[in-house]
Structure formats: structure tokens, C-alpha cells
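*Asks:* Below: one structure in C-alpha cells.
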Amino acid sequence: MDTMRRALLGQMTKLTVGAALVPLSSIASAGINDQPPRREGDPAKRYQPPRREGDPAKRYAMLIDLRACIGCQACTVSCHIENEVPLGSFRTIVSQYEVEHEDSGDIATFMLPRLCNHCDSPPCVPVCPVQATFQREDGIVVVDNDVCVGCGYCVQACPYDARFINEHTQTADKCTFCAHRLDVGLLPACVESCVGGARIIGDIRDPNSQISQMIDEHSKELMVLKPEQGTSPHVFYLGMDDRFISRPDAKPALWDVRDPQGEEMGYEFHGH
Amino acid sequence: MDKNRRNLIKGAAAAGGIAAFGAGYYGPLEKMGKGLINGTAGKKTADRLHGNSLAPEYSVDPQTGEITLNQDQRIAFTVCYGCTTKCGVRVRIDNNEEKVLRVSGNPYHPLSADEHLDEDIPVLDALRGLSSFQDQGQLNRSTACARGNAAMAQLTSDNRVLQCLKRVGPRGSGQWQTVSFEQLLDEIVEGGDLFAEGAVDGLRAIRDVETPLDANNPEYGPKANQLLMMEATDYGRSALLKRFAFNAFGTRNYGHHGAYCGLAFRMGSGALMNDLAKYAHVKPDLANTKFALFIGTAPSQAGNPFKRQGRLLAQARSTGSLEYVVVDPALNAAASHAASDRNRWISILPGTDTALAMGLIRWMLENNGYAADYLALPGNTAANAAGEAGHSNATHLVIDDDSHPRAGHFLRLSDLGQAEAGSESDHPVVVNNAGDLESAEAASRGQLFVERQVDTADGTTTVRSSLFKLRQQAQAYSIEEYADYCGIEAGTIKALAKRFARFGRQAAADVHGGMMSGSGFYASWGVNMLNLLAGSYNHKGGVAVGGGKYNGMGSGPRYDLDGFPGKIGPKGVFLSRSRFPYEKTSEYKRHVANGESPYPAKAPWRKLAPPILTEHLLSGIDGYPYHIKAMIGVMANPLYGQAGLTEMIESKLKDPKNIGLYVAVDGFINETNRYADYIVPDSVMYEVWGFTGAWSGTVTKMTTACWPVVEPRQAKTAAGEPVSMDSFFIELAKRLDLPGFGDNAITGADGKSYPLNRAEDYYLRAAANIALAGKPLADASAEDIHASGIEPLMERLQGTLTADEVGPVAHLYSRGGRFEKMEKAYNGQKLGNTWNRPLCVYNEEVGTTIDSYSGKRLVGTPMFHPPRFWDGSALRDHFTQEDWPLLAFSFKSNLMNSYSIGLERLRMIKPYNPVLLHYKDAEKYGVKHGDAIAIESPGGKVIALALVGEHVHQGALGIEHGYGHRELGAGTHVIDGEKRPGNEYLGAGVNLNDLGFADPTRKSGTATWLENVSGASVRQGLPVRISVVNDLI
Amino acid sequence: MNSMVIEVLTPRYAMAWYPWAVQYFFMIAISYSALMLTVPGLLLGKQRFLPLAKIALLVSVSCTLVGPVALLADLHQPLRFWHFYTNITPWSWMSIGSLLLPLYLMLVVAYAWLAWRPAMQEQAQGEGWMARLSGWIALGQWHAPRWLLVLAGLGALVFSFGIMLYTGAEVAVLQSRPLWHTEWLPVMFVITGLIAAAGLVLLLNRLMTGNDEDVNRQGLTVIFVGMILAAVVAALWLAEGITGYSPSVQQAFASIKNSPQWTAAAVWGLLAGIALALSAAVVLKKQVWLGGAWLVGLLALHVGWTFRWMVLMEVQTVAKNTAGYYQYALEAGSYGFMGIIGTFGLWLAVLLIIDILVPWKKGMQVRAH
Ligand SMILES: Nc1nc2c(c(=O)[nH]1)N[C@H]1C(S)=C(S)[C@@H](COP(=O)(O)OP(=O)(O)OC[C@H]3O[C@@H](n4cnc5c(=O)[nH]c(N)nc54)[C@H](O)[C@@H]3O)O[C@H]1N2
Ligand SMILES: Nc1nc2c(c(=O)[nH]1)N[C@H]1C(S)=C(S)[C@@H](COP(=O)(O)OP(=O)(O)OC[C@H]3O[C@@H](n4cnc5c(=O)[nH]c(N)nc54)[C@H](O)[C@@H]3O)O[C@H]1N2
Ligand code: SF4
Ligand code: SF4
Ligand code: SF4
Ligand code: SF4
Ligand code: SF4
Ligand SMILES: [Mo]
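Here it is in C-alpha cells:
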């Protein structure tokens, strides 16, 4: 069953990446003034409100080369500082696993950076009862802090745990691809500080961008997370192991925190 | 009950309900209140979509690439002290609040940038290169790691020491009072009854550079040696500290953390590189290496330089052509599953690397897996002719006969009567291809494996070539025996050796902290030997010593910062009894004169070792060779870092009779300086002056310049200077009337005298030496000065330097240092910066050094031996497998370092360090994943959580280092009667060093377990046993 | 090794929905369920069901009033609730709910007001502040025709279906949480709501009236039938899972297998459910035990509440992306235990205030003249 499921999912991921990219690249070649991509092909048939704001000529996406990720968490911390994320919450973090290689039996470390996928069919957007969260024309999914009522519905709707209620602002928070930096020609904090050089962001409608070229080069190997959710994620992973595209079947992390005498202390940064 | 009464009761119940509601609803009510007043229940956001994200530091025009700086912020280049890597960083500062906003990499800096920029590129262009303009910033990044990002919180930390502190309670009681800097100086200089505990010698009394401290043992040196100086490592300021210690105060005793950092590794490497003074080492040229073997080092998990190695490794395995194997008791971040076609982890039992190394060497020697042509080059003449950067002594002949007076030495021309002993031309001798003895400098080739009898001036004797001796050692055991011992299959060892050999000069073996075991010196030498056998030293894609640094603190083109009027040289024996042969001591001579056997000595005398902090402290307290009276520690924390030290020394430090005066200079109260009598608040990162150097493997020459890019926050001296390490030593020296400080302490190249009254008097002049060395740097442009945030520095430059120095020095600071151009990195197939001394298959210095326990010569090549104690007995002779079935070791956290636990943003990611246990061991001891286990060693006991899996070698137990603190914010202190409660979360987790123990073969209470040759703290392979802790609550 | 993968480092996520949500879902389900229980007695005028209807109406009104208060608290920006009405979003179930809820509330209140009005008017004839207050509440002595009551009742009923639909759909549409993403969830919400409402009626029947036997029998029947339906729904849901159609079942089993907290909750839920069905059946059969129906009522409340707790809170502990389960520990304060107690406190207060002011046990406007 497991191998079956995996094989199936593996197929699906690859297909989904393809599906996400083919129409986009054709749009790119058809000219950047064309309409933003229609989402009729959306397998989830989810209603998506129209996109607004942002540069309609662009579609931002990120490619993460897992082979180059060293799990240093520079991205995690720089994002945390740049975006004043409350302690204990994360717009991005790198999960770390110990994995047995299925063929060789070797044990190795698997680092998996996670962040908002800026899905092309983002389930977090249509649920919002006040339209506070929306997708920009350039694909970036954002939250309007002035409108958000903090109902947490979008947090529940995101299949990737990419959202949280910001304890400081009491509104929904998530990765914005650092739109405030992209918009002025700077790189997102996590990309700028990626020690391994694993994170590549860019406009996938610009065929000359680094990300477009890498997508071309590796299109067959790229995968996305939870393709079965039909969200069409726009964070693409290179070097992904099928076992991690959905919730991994793993021994869960130990979350105890103890002092040297062994007393359990709890997590210091549990806010609410 | 009538209706009214019933209603009354109901009413009361209803009121109760309302009250309960009120009590339960206060949260939402509070939010509504806030919402009413502010329009939001939370913190107001600066931007509706971007929330409170930082304002960008500059913007880039998408068409032209033109840069517009944000005038509310500045960017400045300085150094990161997030770990010993000391990367050059760019710091974003809010001009209005003078607050550091965020930190990233300096694009000119080789430790931070993918490919560092040429110094002559204008700063604005460099900034454009970091932006998303044409993807430039991600095609060539310059980064700061997680710690480097989080570390800015050190500046504003509540745990910082900001005032001069003097203890008021007993030592270590955590009770302090603030005193003025001047009072502190007064008291430590003059001494007296400072703590109402009796008289304490002040530094003035201790500073006596004439009177011998021990008339019976005059070689111990003057009384001034009774001041011990300790330091973590060179964070850019050591030169000033040493100027004070050695050349002004005149104490011999200075020690840094080397002996509990990586000394066994460094010495093993030094033995190979023929450098037993500075212990040079190499790191792989990762950008070009084809095959790397990491044994006991974990690039990207830790490793020095952490960030640079991590990045190079990541790139080389994903887009480059590197393959590698990691040999480590624990799985670490270097073993990447996503790049599993390029790398593999092999586990090993801790402390057994001599077996692995000798097994690999044996296979290579027996299967022609070595660079025979290169090894056959006997001397410089031959090497030059062959176009090699250097040669080895593989062919040199060793006098291998204990009865010969020169046993252990190389056979030299003088032994054959062909040169004057000790003269320039007294070269070693080899057997040439014709089979004749010939000078190594004359022969074009030497024979590799030689064993023969030779007639010398002192009679006929056996000589063997170095490589022959190495093979003898390697053949002492079979590969199967080695395999059995270290827990790696023989087939794997052979395959590994074969693979390594196959890649030839683009194979690199790398080693570091894993060598801090009871066999580390020879293990390190053995692993490094693989590089020599493969011929990969100095080769592109091989191993690199690196470009080194521009030294500004010597006698430079502008100022002589080394020599000064009245400079003295330290004299006498180090407290740690190192660098001094036992055989030269009065004690030895007395024994001999009395006809007694001088061996074993009372305690180790390690001729080859540097001054080592691992021995200094306990020796100074025990009084052998002599007692110390005062100690000044700068930033070091041996009690946290040296296995077993706390347990042994804690009670002794508490007693002021053992050390009269202990002054600490530090930014924080740590596990060591909590016992200080005084703490001098120091600047922390971004507030400091200094120049830090390069790490091996950094293929170009470099020096990082650091300057206070933000104003130090701590107390000021009466003269208005920030109290810091610099002002402390300057003012201390002036009070003690020591040479080298104060007016006219520095001599310029112009012959004039300059003052050393403030930190910048020293550091800016060092900057001038660097900026004007060789081809001077160009003047910085106004635009560079603005864009690099050094405007606040300019006034100090102009006030301190001569007019012609200001421009180049500004240029230096505007780039964050001086960096050799990338194009100098390589010279064809060779590295641009090479190591030219003969490399040692056999090290004569080692081979002629006498072990102060046994009185026997040390083995002069790598060899196999089990982890051992001072008397040479093996670990398992004392602590049996039955009683102590597991071997504990530690590995560095990829997130934390030894002092980063106070950083919330790291703690929130990884608040705790569960220990690694193999599932078979777990089964054996009934431990389940996530169980609490008690870990007990001969020296201590801790309780930890077990992470059970296949991530560790069976029989080993891995502990991530950086947790289990008692101070740095975990401990409670009372300052001026006010309680500063500790944060218990900083104390979470366990520290392997709490499991350290005393060397059972040394005088009780005088030493932790130290590696024999080097005196390095043994932290890998401590015997332990475990049990499940059933019920904690 | 039982697992080839070990998670070494993952973040802990906080809950986005607090126990307030459980309270809202609980209150509002009782509200619409109790409303249904008023139908035979009050709307259809079946005398036998009138005592039941009287209590059910009180239950429905009190819970209808309290529910939205709890809901408001689950917003992190409670005072921005008006954004719902300036940014109407027809494609969001929550937005739809925000439109339905106030209308539903008004209709329930109108329905009850009309039902209680004759008795209030009568009370207004007397002396003292109580009489005056009743007069004001009754808005005078004019006669309201029964069709008005029927209209209000029918209106409330229609909107209650809207509430059932939106509260169920709101959660069930979320594909992100397989455990929620099943069409059976809304159905279960309604069934367990009915069970809880009947339980509360039984309890109040014991505490506020003479422990009417008919009411006990009727309430127990609702609970018993409800439990049978619940069992059928659970079986259908399981069947879906077995045929591989529903990831919801898969995840439920995985959770029960991997999380001790889940195992315990599942065992408890199963036991409580069985106990409830059995006890309802037994008490129904044994005339002598009928007076103890309120105890069954308590159990029914427990089952109804725990179901919501499991669904809303425990499901949130299932990590979406990583292997583990977040440790959710109920905190003491407003967003935890005190919040739960506070909602019940408010409900009690509302109930008692109505009880003091409204002679709800007296005549009701049942039959048209
Ligand atoms: N993230 C991070 N990086 C750092 C530091 C930090 O604290 N954190 N500190 C810096 C400093 S000061 C230094 S010196 C360097 C050190 O860098 P490294 O040498 O890479 O690190 P260590 O953790 O000391 O040791 C390396 C490895 O040796 C393994 N080991 C332990 N015992 C044995 C053994 O007996 N045999 C073998 N073969 N391996 C063994 C450990 O499991 C560990 O993975 O890192 C620097 N970089
Ligand atoms: N078990 C085990 N033990 C180990 C290791 C291991 O891997 N495992 N690693 C070893 C290694 S490699 C090393 S290098 C040593 C390190 O050991 P040390 O170098 O002795 O210890 P550090 O904690 O690095 O010392 C630095 C101290 O400086 C202070 N400090 C920190 N930041 C600042 C600052 O910005 N300004 C000032 N003025 N002070 C500051 C803090 O008090 C801190 O404790 O530990 C060794 N010990
Ligand atoms: S990852 Fe989550 S938050 Fe981001 S767009 Fe997709 S569904 Fe929305
Ligand atoms: S939390 Fe804010 S953004 Fe998310 S659904 Fe609710 S209102 Fe919309
Ligand atoms: S793009 Fe920005 S917000 Fe998103 S993860 Fe990276 S740093 Fe954080
Ligand atoms: S910064 Fe880059 S290399 Fe480091 S953990 Fe994040 S994605 Fe991986
Ligand atoms: S490796 Fe990281 S913490 Fe260490 S100096 Fe460099 S940036 Fe700072
Ligand atoms: Mo170190």
C-alpha cells in the first residue's frame, strides 16, 4: 500500500508541477500583457476570487534545491527578523529528518525548507469571510492587516501549515515572498541569507530568469508538496524524496524540553 | 420557599454566572478595548500588506539598476562573533534609533560571499550585486548564518554585563555590586583586604620581572609569571592582550581555548606540516575537490569556517562535482539525503580513529595507492624541478636505533661526515635510485622504502626511510583487526582507501573536532597522512593551508605595533609545563644527581605542546610547577567547555586562597567568570575594534576589519571611553607604569612617537599598516564612505592618522577589511597560496621527544593506539566495557555554539538537545524513543531524553553541544541588592562536559583526562552507562 | 526499526481556533436542535409535546443568545466583526454564516417572545416592578395572532437549517484537514446537537419543572434514536474509509494509532457513546428509573460537547505537514478553561434571568382561537 501510494503521489507531483508550468510558460511566450492564467484546470474546482494588486506581468515562484540545503536555518532566522515574526511562530522553517535510503539503506539527513507555496489555487483565499487575504496579480498571496478579523479560517484552510495568527498583530500572517523587498528590487530575506544557495526566487514568466532556466533544466525532477490537494503550489523542490511530499510517515519529533535534572519544562515560546 | 426568595437565589446564581463570564471573557474584552482605541486588537502594522516588516535598506531601479539608499538606515561592514568563524558581515542599522535591524554577508568577504568581490568595486555596485536586479544577488550571495542573524540580540540582551562588577558575597555566590572603572583598577592594582576576607596581592605586587618565583627552580622564571591570562580565541584583539601580558607585564602565562577546542587535531596536523610551533593545518579546497573524506569533522553541521564550508559543500555536491564520505559516530548535516548520490555517512566508534587511519594507510601503501612520484621527491631542488610547491620527507632516513646518540633523528650529511652538524648545508640523507646515500637536496629521487645499516660517526646503525617506518606502523595490525576495533567493516575500509586513492591529488581528507579523543594526536596525523600519500597538499582540489592574513599588528609599513621602548620578553616555564622538556628542569637534574629515576615526572611535561589552558588552571592551583596569584580571563569559558573541569575545580575556585584575584573581562556572566572577583564589562560584537584573520582552506589572503558600527552600551571610563577589553588593558598598564602603553608608546615608520591611550590609537594604526601594505589601497570615494556607513568613523580616522593614511584606511573599512583578489586563488593546477615546508611522514621532533612518564621516545609517525591515560594505560584498563558499556561523545549543534543559548531566535527553533542512542543499545537497556535516561560516567551524571534511531554508532552515545548551561542568563544574580532572576530555559538540556572525569593515573584532583602528547581535553569517547529514569514527577 | 524516518526538528504550531469555537458550536447546535424539539408542541400544537416544547424553547433561546458571544471571542479581532458586513463574501461559508446568524437569532427571539407573550401580558396585569417590566417586554396588551408565531417559528426553522448547513459546511469544506473533510461531519454535528439538546431538556426538566415523565420519555427517545443514527453515520463513514474513498477515516485511524491522546479520546468516546445509548434504552424501558433520566441527559451533554471538542480542538493537534501531534494543553485563562466556564456562566445567567422575568411554564399561545 505504502509503495503504491508513494508511486502514485510521485506521479501526481510531477504532473502537477508540469501542469503548473506549462500554461505559464506558454503565457510567457505569448506575451506578458496577456490575461493572468485562468484557473479552470484547477482539479479542486475551488472558486477563486479575482486577483488584485501586484504586477500582472509577473508570476513569482520559488525553487528550492534540496541538495544544496544544509539545514542551517539562516532562512528561518533572517525571515523572522525581517518580518518581525513573533517568537515561536514561523513564516518559514526547515524541517530536519533522519532518513534511510530506500535502496542503499544508508542513513542521511533530509532538510526540508517550508514556507507558503503561493499556490495558484490557494484554498486559504476563498475561505476568508472578509476578503482580507487575496492573491496579487503576480501570484503572491497576502493578507490585509487592516481588514483581517483574525478568524483563523485561512489558517485552517492552508494544507501546509504556512499560516498562523500573529500574536503581535492578532491577524493572519504568512510568508509574503517578502513582497516589500521584491517590489523595490531586493531579494527576500531568506533567499538573501541562504547559506547553501538553495533558495531561488524569481519571475517564472521571464524566460531569462534564473528560476525559469532552472525549471527548464530540471522540469522532470521538480516536485511540489501535497499535489493531491490541487492547490498548485509555486514552491518547487529539486531533490525531493517522494516520502515527504505529503505528511511523512515518520517517528515524530520529540518536543519535550528538559533541564539537566530531567524535569520537563515545556516550550518557552508558547504564546496564544 | 416563596417566590421572592427563590428569585433572590436565582438572581444570585445568575450574578454568579455573569461573574464567571466576566472572568472568562476578559481576553476578548481586552481585545475589544484595544480594538476600540487603536482599531486593532494587536500591535498596529506599519503597512496593510507588509505588516511590520523592515523598511528596505535601499531600492534598485529594475531598468537601470540604479540604487537609492534609504536615508533612515545605514549599512556597515564588520565582523560577526556568532561563532569562531568570524565572518565579515553587513549590518543594517536604523539611523534614528541606532539599532541593528538585520545582518547579512559582506560581499567582499571570502567567508561570506560565494565569490568575493574585488576590493576596487565601488560599494554601490556591490550593493546592486546583492539585489534581485538581474538575479545578481542570488547568483552570487553573501550570507550570514542563523546564528549570525540571531546574534544581534547579544547587543540588547538583558544578560549583558554593562557595569563594572565587584563580588560582595563569597566567590560564586552571584552577589555583586557595581563599582566605577577607576575603583576597579585601583583595587586590582593595589590589592589589600578587598573582600573582607584578608589581604589580596594586587597586580603591582605580582608584577616583578626580576625576582625568580622559585629559587630552587630558577627556570620557572620571575614572579610576574604568577599572573595567568586566559582568553577564548583571537576575536581580533589578542595582539593587544598579548602586548600587555608578555611584553609589558611580563608574564609567561597566557592560554586560549585551543586545548579544549581542537588541539589534538591541530598538533597532529602540525606534526605532518612540520610546524610544531603554530600547528598549521589544511582544509579541502572544496570548490574543486573531487572526493573528500571527512573524519571527525562535519562541514555544514559545524566545522571551521562554518558558513564558508557549508556553502561550498552544498554547491559542490549539487552543482559541482564533489563526492564525499563522512566518518563520524553520529549522523550529521553533512550527510545529505537529497544529494545521496554524492555522499555517504559511515559510522565509527568514538576514539578509534587511529585504527581507521592506519587501516587506510596500510591499504594505500600495500596497493600502490600513493603518489609515488611526488613522495619520491627528496628536497626542494627536486621539487622545484618537478614543478611542485614542496616535498615530503618520505624518503629521508631515520636513525632507528635506541643505542645511537642521535636515535630518532634523521640521518644527516654530518652523520656521514659530509657537513658540519647544524649548518645550513647539513641536509638529510636519502637513498637515491642508484641505491646510494645522497643529500636530499642533491638527489633527484629517493627510494621510498629503505631499511639498511649505515656507518655513522657514532658507529654503525640501522636507518629506515620515513615511509618504511610508516608502513611498519601500519602493518602492526591487519586491516581486519583495525576494522574490528573501530567498528567499520574491513571491506568498507578497503573500498574507502581505494576510492580515495583513485581520486589522487583531488582527494582530500579533512579532520577536526572528532580528534579530541584519547588518541587524537596520532589519529589526526594519520588522517592527514592520507593527503600526503595522495599528494593533495597545495593542489587545486586538494587540501589548502589558505592565504593567511594581512598582519597589521606587527612591524608594518606605517607603524611598529610589535616593538616598543621598554618591551620585555616573557621568561620561564609555562604553568602548563609545555614547550619545555622535562629533561631540562632542575627537578630532573636533582633526581639524576640523587641517582633516582627521574621518571615518571610528577605531572606531564609536554615538550611539543603549546601553553595549554587545560593544564594551566589546575596546575596553578595545585602549585606544580608553581602557584598563581592572579588571573585575568577575557571571554573564555573553560568550565563549560572542558570535559570534567567544573567538577574538579569548582570548589577550588570558590576558595580565594587558591587564586587571590580573578578579574574577568566579558560581555556576559558565564560558567567560569561567575567565580570572578571583578567583571569588566566588555563590548560585544558590532561594538568592537579589531582585525580577524582567515581560516585554513580560505584560498585567498584576507583580514577582516571590525569597528564599533554601533556605540557600545556599557559603562564609560572617567575619560569617556567605553569600558572594554581595550580600555581595561590600556588603563591597567598605565596605572602599573608598564611600557608599551600611554603617550609615545607607538613608533611610526616616520620615526615619530604616537600615543596608545585609546583603542583606536592602536587599531587604526594597525589598519594603516594593512591598508598601506604592499600596493596601498586607493582612497575611498565619498560615495563609498556614505554607502558603507563609515561616516561616523571618519572623524576618528582624521583625528588619529596622518592625512595620507586616511583615504586608504577609509577604503579598508568601507570594504570591511582587506581581501586578496579571487584570481590569486589558483596558479594553474596548484593553489595560489602554498605551504612550502617539507611535509612529515616522520616527524623528527616528535620522534625525539621523550615521554615524561615512561622516559621513552614517542613514535615519530602516525600509529595505532587505543585511547589512553597519562601513564600509557588504555581507557578500558580502568573503565571496563562491562561497567561502562557506551562511549559518549559530543558534536556541535548546527544551530548553537558554546555561548549562543541566550539567543531566543535560536532557542525557539531548537530548545533542547536529546541524546543520540542506537536502537540496538536502546533495546538492550530497555529504552524507548523519547524516554528520559540517566547517563552516568566516572565523573558525573546527567538526565537526558533519548532520541533512538540508527543515527549513531552502536555502542556510542552522542550529545549535541551548546546546551546544559548554568549561566549566560540561566543563573540568578543579585546586583546592588537587586535580583536578576535566571531564565531556566537557558539551562535546558545537557552538556557532555558534565560527564568528564579525572585522569585516574594522575595525582588526584590535578587533571581531567587529557590527550597525552598534546594535553588536549578529551571529550570524545567518555565511558558511560545508561538507565531509564522511570518516574520523574 | 519500525520507522525508516525520524523527525528531528519541526516547529510547534499554535491553535488558530480556541475552545471558544467549541463553545459556539455547542451552543448553536443545542439552539437549533432545541428549536426543532419545540416544533411538535408549539408549532404543530400537539399537547403531549407541550411540556417538552416549553423547556426546549427556553433552552433554544438561552443558547441562541450565548452562542454568538462565544463566537465573537474566537475572533482575534473581535471588534472588527462589522467587517463581515462591509465585505460580504458569498463564496465563504463563514461569511454566509455571519449573515444567517443575526437573522436566525432575531427569529428565535421573536418566536419565543410571541410564545411567551400571553403569559407576560397576564403578568403585566399584576402589581409591582415585575408587572411593569412584563408590560414593557410584552409591548402592550394588543393581541398577536397565532399565524405570527407560526411565521416566526417557521422562519427560525428555515434559518436554523441555514445554521446547520453553514456550521457543518464551514468545517467540512476544508480539504486541508482530512478529518474534517467529509460530508458526514455536518450530519454528525446535527445528530449530536439533537442528543445534547435533548440532554439539556432532560436536565432542566429535573431542575426547573416537576420532572415531567412525558418529557423524560420524549427526551430519552430523541437521544436513543440520535445514537442509533450516529452509529449508522459512523458506520457509513467507516465504510467509506474501508473502500478507500475517504482520507478522513484513514487519518482518524492513523491518529488513534500514533497518538496516545487520540487513543484515549477514541476509547472514551466509544465507551461514552455506548453507555449513552444503553442507558437511554434501559431508562426508557424501566418505568421506575425514568425519574433518573436527567442523568442520561448529563451524559448526552457530555457526548455532544466532547464530540465538538474532539472535532475542533483535537483535530487541530494533527500536524498537517509533519509527522507529529502538537501537544495542546488547555490553558487556565480566558482562551482556555476560564473561557469555557465563562460561556456556561453566561448561559446560566441568561437562563435564570429569563426564568425570573418570564413565566415560561405558564400558558403558551398554542392554539389559535
Ligand atoms: N554550528 C556551529 N559551527 C561551529 C561551531 C559551533 O559551535 N556551532 N564552533 C566552531 C568551532 S570553535 C570549531 S573548533 C569547529 C569544529 O568543527 P567540527 O570539527 O566540524 O565539529 P565538532 O563537533 O567539534 O566535531 C566534529 C565531529 O566529530 C565527531 N566525532 C566525535 N567523536 C569522534 C571520534 O571519535 N571519531 C570521529 N571520526 N568523529 C568523532 C562528532 O560527532 C562531530 O560530528 O566548528 C566551528 N563551527
Ligand atoms: N563537549 C564539548 N565541549 C566543547 C566543544 C564541543 O564540541 N563539545 N567544543 C569545544 C570548542 S571547539 C571550543 S572552541 C570551546 C569554546 O570554549 P570557550 O572559547 O572557552 O567558550 P566560549 O563560550 O566560546 O567563550 C566565549 C565567552 O565570551 C563571552 N562572550 C560571548 N559573546 C561575546 C561578545 O560579543 N563580547 C564579549 N566581550 N564577550 C562575549 C561569553 O561569556 C562566552 O562564554 O569549547 C569546547 N568545548
Ligand atoms: S501555502 Fe497555504 S497559505 Fe500559502 S497560498 Fe497555499 S494555501 Fe495559501
Ligand atoms: S484570519 Fe484574517 S485573513 Fe484569515 S480568513 Fe480570517 S479574516 Fe481572512
Ligand atoms: S520570502 Fe520573505 S516572508 Fe517568505 S519565507 Fe522568505 S523571508 Fe520569509
Ligand atoms: S538558509 Fe538555505 S541552506 Fe540554510 S536551511 Fe535555509 S534553505 Fe537550507
Ligand atoms: S558562521 Fe555564522 S555565526 Fe559564525 S561568524 Fe559566520 S555568520 Fe557568524
Ligand atoms: Mo573550537
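Residue numbers (our numbering), protein chains in the order written: chain A, 2 to 273; chain B, 1282 to 2314; chain C, 1292 to 1660. The C-beta atom is built at its ideal place from N, Cα and C for all residues, glycine as well. Keep in mind that this is a model prediction, so the values were computed, not measured.
1) DSSP state of Pro1503/B, grouped into three classes?
2) Less than 9 angstroms between the C-beta atoms of Met1983/B and Gly1828/B, yes or no?
3) Assess contact between the stretch 2283-2292 of chain B and the stretch 2245-2260 of chain B, defined as three or more Cβ pairs (one per stretch) separated by less than 8 angstroms. Is contact present?
4) Would you say the beta carbon of Ala202/A comes nearer than 8 angstroms to a heavy atom of ligand 5?
5) Answer yes or no: do Arg1355/B and Gly2070/B have a C-beta to C-beta separation smaller than 9 angstroms?
6) Cα separation between Lys221/A and Gly240/A?
7) Which bits of chain C does Ser96/A rub up against, with CB to CB less than 9 angstroms?
8) When you compare the CB of Asp121/A with every CB in chain D, is at least one pair closer than 9 angstroms?
9) Taking the beta carbon of Pro1891/B as the centre, do at least 16 other beta carbons fall within 10 Å, making it buried, or is it exposed?
10) When you compare only the Cα positions, how much space is there between Asp1634/B and Cys1767/B?
11) Can you check the stretch 1520-1587 of chain B for any beta strand (DSSP E) of at least 3 residues that lies completely inside it and give the ranges in chain order?
12) Quick one: which chain B residues come within Cβ less than 7 angstroms of Arg182/A?
13) Going along the chain, which residues of the stretch 1417-1437 of chain B sit with their C-beta nearer than 7 angstroms to a C-beta in chain A?
14) Mind listing the chain A neighbours of Phe1628/C? Cutoff is C-beta to C-beta under 9 angstroms, in chain order.
15) Out of Ala1558/B, Asn1674/B, Arg1687/B and Phe2100/B, state which residue places its alpha-carbon closest to the alpha-carbon of Val1731/B.
16) Report buried or exposed for His1434/C, applying the criterion of at least 16 other Cβ atoms within 10 angstroms of its Cβ.
17) Given a limit of 9 angstroms on CB to CB distance, which residues of the stretch 2255-2277 of chain B reach chain C?
18) According to a CB-to-CB cut-off of less than 9 angstroms, which residues of the stretch 1299-1329 of chain B neighbour chain C?
19) Could you check whether the stretch 1590-1610 of chain B touches the stretch 87-95 of chain A, counting it as contact only if at least three pairs of C-beta atoms, one from each stretch, sit closer than 8 angstroms?
20) Assuming Leu2053/B and Arg1839/B are in contact, meaning their beta carbons sit under 8 angstroms apart, how far apart are those beta carbons, in whole angstroms?
21) Which of the three DSSP states, helix, strand or coil, is assigned to Trp1407/C?
22) Note down, in chain order, each residue of its chain lying with its Cβ closer than 6 angstroms to the Cβ of Gly1453/C, except the 5 sequence neighbours on either side.
23) So which residues on chain C does Ile166/A lean against when the C-beta distance must stay under 8 angstroms?
24) Does the stretch 1483-1493 of chain C come within contact of the stretch 1591-1604 of chain C, defined as at least 3 CB pairs closer than 8 angstroms?
25) Quick one: is Asp107/A near chain B, going by C-beta distance under 9 angstroms?
26) So, with DSSP's three-state summary, where would you put Ala163/A?
27) In terms of residues, what are the limits of the alpha helix (DSSP H) holding Ile216/A?
28) In the structure shown, what three-state DSSP assignment does Val1540/C receive?
29) Does Arg60/A come out as helix, strand or coil in the three-state DSSP assignment?
30) For a quick check, are the C-beta atoms of His1820/B and Asp1566/B less than 9 angstroms apart?
31) Is the Cβ-Cβ distance between Gly1539/B and Arg1547/B less than 9 angstroms?
32) Taking a contact to mean a Cβ-Cβ separation below 9 angstroms, would you say Ser1704/B touches Ser1695/B in this structure?
*Replies:* So, from the listed chains and residues:
1) Assigned with DSSP and collapsed to three states, Pro1503/B falls in strand.
2) yes
3) no
4) Note on residue identity: the sequence assigns Ile, not Ala, to residue 202/A. Checking every heavy atom of ligand 5 against the Cβ of Ile202/A, one is found closer than 8 angstroms.
5) yes
6) 11 angstroms
7) Glu1298, Val1299, Leu1300, Thr1301, Pro1302, Asn1612 and Thr1613
8) Annotation note: the requested chain D is absent from the structure, which comprises protein chains A, B and C.
9) buried
10) For the pair Asp1634/B and Cys1767/B, the Cα-to-Cα distance works out to about 7 angstroms.
11) Entirely contained in the stretch 1520-1587 of chain B, the beta strand (DSSP E) runs reaching 3 residues are, in chain order, 1572-1576.
12) Ordered by position in chain B, the residues that pass the 7 angstroms Cβ test against Arg182/A are Pro1337.
13) Gly1418, Gln1419, Leu1420, Arg1422, Thr1424, Ala1425, Cys1426, Ala1427, Asn1430 and Ala1431
14) Ordered by position in chain A, no residue passes the 9 angstroms Cβ test against Phe1628/C, which lies about 13 angstroms from the chain.
15) Among Ala1558/B, Asn1674/B, Arg1687/B and Phe2100/B, the Cα nearest to that of Val1731/B belongs to Asn1674/B.
16) exposed
17) none
18) Ile1299, Ala1300, Ala1301, Phe1302, Gly1303, Ala1304, Gly1305, Tyr1306, Tyr1307, Gly1308, Pro1309, Leu1310, Glu1311, Lys1312, Met1313, Gly1314, Lys1315, Gly1316, Leu1317, Gly1320, Thr1321, Ala1322 and Gly1323
19) no
20) About 6 angstroms separates the two Cβ atoms, so the contact holds.
21) It is helical.
22) Leu1391
23) Ala1305, Ala1307 and His1367
24) yes
25) yes
26) coil
27) Gln211 to His219
28) helix
29) coil
30) In this structure, His1820/B lies near Asp1566/B, with their beta-carbon atoms less than 9 angstroms apart.
31) yes
32) Contact: yes.
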